[in-house]
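In the working numbering, the protein residues as written are 1 to 397.
Note that beta-carbon positions come from the ideal geometry of N, C-alpha and C, so glycine has one too.
The next block holds one structure in the form of structure tokens; read it before the comments.
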Ligand SMILES: Cc1ncc(COP(=O)(O)O)c(C=O)c1O
């Protein structure tokens, strides 16, 4: 047997990935993957962009680029983030291979083996995996419909998570919980964190995807509040608003943090893909993002409505969920004694899959929850898929 390092010996394969490989039966309806549907990608716009580029820029796209990012993209992204009132003049940007790499780099910068990290519970599995890969000791703090539960956070920070170095939050259309933090919860959080020695990662890949214009105000990042009560590393991504295959995200943080982050990235991949950075830059620069995202909002809002209506029609009263105001996910909570894995087995046999809750529990235990992604399932399959899951659930209740 080979002697793996401590960093990787704790690693477990993501159940989402395992499932995706099982769910290749063409007739299966999947609510498992947290990604856009292939038909939604802006293929035509990208064709136009590429064909309109000078040969010299095309060639540049094939080349290595500077580690912080392709300079024109940094410039156009800065304007994009400025339009959200993010403090781009006092902070620097690092372009990363998706926001997951940004989270991974932050983990690398701050975590020594055994250091404490606080995440939400449930939490995006990529986040917990990144922290675990640096041997962090993770405490998951539960959420309610308005965000992280303050009493639980305070209790954790005074006890098992005392001295935590990082607090990782995904406040806008949470993966998997589907919620968005209320303004009041964000204020309470920042007031509590003020002056504490902790780094806040504000992970925001879904904030653009609100369904109703009146909810846009809820998506205002905490990073916009100046002065920052604690150092905030703001991460974002093109994955959910352009395409995950671009592998482009960003980190907005103080120059001190970005300097070190660049050094960390240098040894990982030297630079993110120049090719996709060229395309993303032009997508922003030519004003194609706004109309494209507006279209996506309508499509996802419709898909969510179909899913929610189907859930209301078919689910037994024991199933509870918060109706999302944006993003990709509906998170179903079942009575404590129900094991989502059993529901999944039954549902898979009947032809529909989803992700079981324990995937998102940092301790990998709590499993009376299901994540249904409505983002990539064709509209005409959603109701049938939900019905299958509801029947599977009723058969196991
Ligand atoms: C909350 C959250 N953060 C970060 C990511 C990472 O996305 P990417 O690395 O593709 O930008 C995801 C992807 O699912 C996510 O849901």
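Distance cut-off 7 Å: residue i Cβ against heavy atoms of ligand 1
i	result
residue 279	no
residue 126	yes
residue 100	yes
residue 37	no
residue 175	yes
residue 249	yes
residue 203	yes
residue 316	no
residue 171	no
residue 324	no
residue 34	yes
residue 244	yes
residue 239	yes
Burial state of residue i, where buried means 16 or more other Cβ atoms lie within 10 Å
i	result
residue 283	buried
residue 161	buried
residue 172	buried
residue 68	buried
residue 165	buried
residue 205	buried
residue 101	buried
residue 228	buried
residue 123	buried
residue 316	exposed
residue 4	exposed
residue 223	buried
residue 26	exposed
Secondary structure of residue i, DSSP reduced to three states
i	result
residue 163	coil
residue 114	coil
residue 317	coil
residue 371	strand
residue 269	helix
residue 96	strand
residue 377	coil
residue 337	coil
residue 129	helix
residue 324	coil
residue 50	helix
residue 204	coil
Beta carbon of residue i nearer than 8 Å to that of residue j
i	j	result
residue 401	residue 336	Missing from the structure shown is residue 401; the chain here goes from 1 to 397 and no further.
residue 357	residue 344	no
residue 218	residue 185	no
residue 402	residue 147	Here the chain comprises residues numbered 1 to 397, so residue 402 is not present and cannot be evaluated.
residue 248	residue 364	no
residue 240	residue 71	no
residue 31	residue 352	yes
residue 303	residue 375	yes
residue 170	residue 203	yes
residue 95	residue 73	yes
residue 332	residue 379	no
residue 141	residue 159	no
residue 414	residue 354	Outside the shown range of the chain, which is 1 to 397, sits residue 414, and nothing can be said about it.
residue 300	residue 372	no
residue 29	residue 388	yes
residue 139	residue 128	no
residue 153	residue 177	no
residue 278	residue 61	yes
task = Indicate whether the contact test is met: 3 or more Cβ pairs, each with one atom in the region 179-199 and one in the region 77-89, closer than 8 Å.
result = For the pair of segments examined, the region 179-199 was found not to touch the region 77-89: the number of CB pairs separated by less than 8 Å stays below three.
query = Below 8 Å, can you find three or more Cβ-Cβ pairs linking the region 325-339 to the region 105-116?
reply = The answer is no - the region 105-116 does not touch the region 325-339, with fewer than three Cβ pairs under 8 Å.
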